[in-house]
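Asker: Have a look at the structure that comes next, please.
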Amino acid sequence: MEMEAQKYQIDLGNLMAYDPHPSFSSLPSDREQLVKECLQKGTELVQAIVDVLFNLHSTEDRDGPIVQLPPPTTRLPREKHLPKPKPPTKWELFAQKKGIKNRKKDKLVFDEQTGTWKRRHGYDRVDDDKDVPIIEAKMTDEPGEDPFAKRQAEKKNRVEKQEKNRLQNLKKAAKVDALPSHIQLAATALPITGTQSAPKKVSKDELENVAGMAATATASGGKFDKKLPGEKSAKHPGKFRKFLPVAEGSGMGAQEQQQTEKILNKLISKHSHEILDVDKAVTMFNVRKEKKKRNQQGKSSSMSDKLKPKKNFNKNASNKGFSKKGSSKKGKTK
Amino acid sequence: MLTVKTPKTKKAKRALDKRAPKFVENLKKTLILHGTKTSNVLNHVLTEIYHLKKDCAIKYSRKNDSIRPFESGGETSLEFFSLKTDCSLFIFGSHSKKRPNNLVIGRTYDHHIYDLVEVGVENFKTMESFSYDKKMAPRVGSKPFFAFLGEGFENVEELKHLKEVLLDLFRGEVVENLNIAGVDHAYVCTAVSSNRVFFTHCALRLKRSGTVVPRMEMVEVGPSMDFVVRRHRLPNDSLKKEAMKTATDRPKKKEKNVSRDVIQGKIGKIYIPDQQVGDVALSHKAKGLKRERREGKLKNNVSEHKAKKQKADGE
């Protein structure tokens, strides 16, 4: 039925037919003709496929005859890469080397203690740590050590070790890009400080506070900033600077004068006796003196001169109670 | 410091496994979106393609400014969407003065752009403009036939590429068993010239003929348009090689509970759970068979019997 000029390339798996030389009678002038010609030729092609299709061996199903299609011949690219085989885990390598075979274990195990069949893992299992009534003391045991707590701690260590090994195996697999599809390795943030403690997660309140603080850094104190939906206004609205009134008077109006006076006094210490608490300084000195005496009495017999604790060379320690700081400058304030 | 993240629910695990790379892959999904400006024609084109591929297509309705498939930086959004929706085919429509009614059909490999074909749509006719007997309308999801006409599909690079892409776009699931009574529709593509392809969608009807093979009748149903190939980008050779790799050494599935014996041949094992006779659900039969009713009836019968007897005695 296929003529030489019309040998089609049929891809049965895709139900596709391609005619490299459709013989159009003449190049169709208008669109209608073109469409008709195309449909006609198309029908012929589809008929050709159907010929082959219906001659295949078919099984009867309740919906109709079912035919087994061959795999498609046109190769199309995959959408994802081929899955890579998992590299063997550390235990698998070891087992291979030693020739250790995996033995199938039963789900139920006979428990000697209770004389019943208990499951191996899970609730009410054989050999649970909490079911052990008595642990016999060994010669190597230290007194005062809780063997039950020790067992629990050992188990915890085992579990941690196992988790670490699992992570190492997964990292190896991730290197070869063969990580199982449902597992992801997520990097947690590394602490910048030298300590090993994990950085604390910032809470919502802290973030709000920080946002408020940052907002006050603007020239208008964060008053006109665009707020996100749900963001509350800053707790300390406005600015903190207080500017003194320009017009100066006396009494209440002499604020600038008072301000500068206060600062100057502190610097030049006009009333230095208010700065230094003499009684306190004297008692401190006395206490220190007594301590020194006691130490000398105790240690002079046992230690040589070189090993004596060195005297405190702190700048302010010996000066307390003896100097009056601004005494020479007394006359210079207003 | 790395931590292992595993899904907490079985449903999440199943969803992740669905998207994982496999030996035999899932059906390729298509992402349909558009750029800053679209024309009326282009909107119709996109919606109709979406309807043709209803099961396996996702249509975005917002405009995407930052997507420019042919530029080096403009593909990141596309790759992100492809990753999020697990779509490996995309159709990006845009309209500009230089390229009116522009469609970029692209494929991704591992959620990175694999290849692109840019076509312009001309002489578009929507599905509604065709009038036909509604009974012939093809169903969504049925496997289509393809008819390619013209030597351009063999000789011209761009048309070869377009043919491959159209096949990938519309072919649907790759199935082994096909119900041949259910073939519904066909796509006809004709290479009119070296850069123009006439594309149309037709419904099929199988008519009775003398032999086993029925006679095919085609009626134009769906959208018909002219594709004018503008630009295209083929994949790198290395990428192409990698994408075309097939799995030959697939781990065979172990057949369980089947063993072979020299004497008896193939033996299978069937496991039957223990029957709990007491817990078997009683059949929902007539009310009359219920125990209370039966006993009640018995009592009645006895009393009737007695009454009858008395009567008989009395008589």
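As given, the protein sequences belong to chains A and B, one line each in that order. 128 is the number that numbering that gives the first Met the number 0 gives to position 129 of the first sequence; each next residue is one higher, with no gaps. 208 is the number that numbering that gives the first Met the number 0 gives to position 209 of the second sequence; each next residue is one higher, with no gaps. Just so you know, even glycine gets a beta-carbon here, dropped at the ideal spot from N, CA and C.
#1: Let me know the secondary structure DSSP gives K174 (chain A) once reduced to three states.
#2: Using DSSP with H/G/I as helix, E/B as strand and the rest coil, what is M215 (chain B)?
#3: Could you check which residue in B:L205, B:S192, B:R195 has the C-alpha nearest to that of A185 (chain B)?
#4: Check whether chain A comes within 8 angstroms of G149 (chain B), counting only Cβ atoms and requiring the distance to be less than that.
#5: Under a Cβ-count criterion, where at least 16 other Cβ atoms within 10 Å of its own Cβ denotes burial, should F80 (chain B) be classed as buried or exposed?
#6: How would you call T113 (chain A), buried or exposed, if buried means at least 16 neighbouring beta carbons within 10 angstroms?
#7: For the beta strand (DSSP E) that G267 (chain B) lies in, which residues bound it at each end?
#8: Which two residues bound the contiguous alpha helix (DSSP H) that contains Y113 (chain B)?
#9: Verify whether the separation of the beta carbon atoms of L166 (chain B) and V196 (chain B) is less than 8 angstroms.
#10: Let me confirm a value: E1 (chain A) is counted as buried when at least 16 other C-beta atoms fall within 10 Å, else exposed. Which label applies?
#11: Compute the Euclidean distance between the alpha carbons of A16 (chain A) and Q263 (chain B), then round it to the nearest angstrom.
#12: So with Cβ pairs under 8 angstroms, would you call S219 (chain A) a contact of chain B?
#13: Consider the C-beta atom of K279 (chain A) and the heavy atoms of the ligand HEM; say whether any pair is separated by less than 7 angstroms.
#14: Sort A:N101, A:K83, A:P82, A:P84 by Cα distance to E91 (chain A) and report the nearest one.
#15: Show which residues of chain B have a CB atom less than 8 angstroms away from the CB atom of K154 (chain A).
#16: Helix or strand or just coil, what does DSSP make of H160 (chain B)?
#17: I'd like to know whether the C-beta of G181 (chain B) is nearer than 8 angstroms to at least one C-beta of chain A.
#18: Return the Cβ separation of Q46 (chain A) and M135 (chain B) in integer angstroms, given the expectation that the two are a contact with Cβ distance under 8 angstroms.
#19: If you run the structure through DSSP and keep just helix, strand and coil, what is Q353 (chain A)?
#20: Would S302 (chain B) count as contacting chain D if we go by Cβ distances under 8 angstroms?
#21: Can you tell me the Cβ-Cβ gap for E24 (chain B) and K79 (chain A), rounded? I've got them flagged as a contact below 8 angstroms.
#22: Do the segment 267-274 of chain B and the segment 147-156 of chain B touch if we need at least three Cβ pairs shorter than 8 angstroms?
#23: To which residues does DSSP link N178 (chain B) through a beta bridge?
#24: State buried or exposed for K298 (chain B), treating a residue as buried only when at least 16 other CB atoms are found within 10 Å of its CB.
#25: In chain order, what residues of the same chain lie with their CB nearer than 6 angstroms to the CB of R259 (chain B), ignoring the 5 residues before and after it?
#26: Checking 8 angstroms against the spacing of the C-beta atoms, do T37 (chain B) and S76 (chain B) come in under that value?
#27: Q67 (chain A) touches chain B at which residues, Cβ-Cβ below 7 angstroms?
#28: L203 (chain B) touches chain A at which residues, Cβ-Cβ below 8 angstroms?
#29: Can you give the Cα-Cα distance for Y113 (chain B) and I104 (chain B), rounded to whole angstroms?
#30: Which residues of chain B have a Cβ atom closer than 7 angstroms to the Cβ of T342 (chain A), listed in chain order?
#31: Taking only runs that begin and end inside the segment 38-66 of chain B, name each unbroken alpha helix (DSSP H) of 4 or more residues, in chain order.
#32: Might you give, ordered along the chain, the residues of its own chain that have their beta carbon closer than 7 angstroms to the beta carbon of L44 (chain A), omitting 5 neighbours on each side?
#33: To the nearest whole angstrom, what separates the beta carbons of R355 (chain B) and V164 (chain B), a pair I think is in contact under 8 angstroms?
#34: Can you say whether T5 (chain B) is buried or exposed, counting buried as having 16 or more other CB atoms within 10 angstroms of its CB?
#35: Counting only C-beta atoms, is R287 (chain A) closer than 8 angstroms to chain B at any point?
#36: Tell whether a beta-carbon distance below 8 angstroms holds between K117 (chain A) and D123 (chain A).
Answerer: Concretely, from the data shown:
#1: DSSP places K174 (chain A) in helix when its eight states are reduced to three.
#2: strand
#3: B:L205
#4: yes
#5: When all chains shown are included, F80 (chain B) counts as buried.
#6: exposed
#7: 264-267
#8: Element bounds for Y113 (chain B): not the alpha helix (DSSP H) but the beta strand (DSSP E), 111-124.
#9: no
#10: In this predicted model, E1 (chain A) has a pLDDT of only 41, less than 50, meaning its place in the structure is not dependable; the value taken from the coordinates is given anyway. So E1 (chain A) ends up on the exposed side.
#11: 48 angstroms
#12: no
#13: Among the components modelled here there is no ligand, and therefore nothing to report on the ligand HEM.
#14: A:N101
#15: Contact note: K154 (chain A) does not reach chain B at a C-beta cutoff of 8 angstroms; the least C-beta distance is about 20 angstroms.
#16: helix
#17: For G181 (chain B), the nearest CB of chain A lies under 8 angstroms from its own CB, placing it at the interface with that chain.
#18: About 17 angstroms separates the two Cβ atoms, so there is no contact after all.
#19: Residue 353 (chain A) lies beyond the range of chain A shown here (0 to 333); nothing can be said about it.
#20: In the structure shown, chain D cannot be found, because the protein chains are A and B.
#21: 7 angstroms
#22: Short answer: they don't touch.
#23: A:I65
#24: exposed
#25: K265, listed in sequence order.
#26: no
#27: Chain B residues near Q67 (chain A): E175, N176.
#28: V45
#29: 11 angstroms
#30: Residue 342 (chain A) lies beyond the stretch modelled for chain A, which goes from 0 to 333, so this question has no answer here.
#31: 39-51
#32: Y7, A16, D18
#33: An answer regarding residue 355 (chain B) cannot be provided, because it is not within the stretch 0 to 314 covered by chain B.
#34: exposed
#35: no
#36: yes
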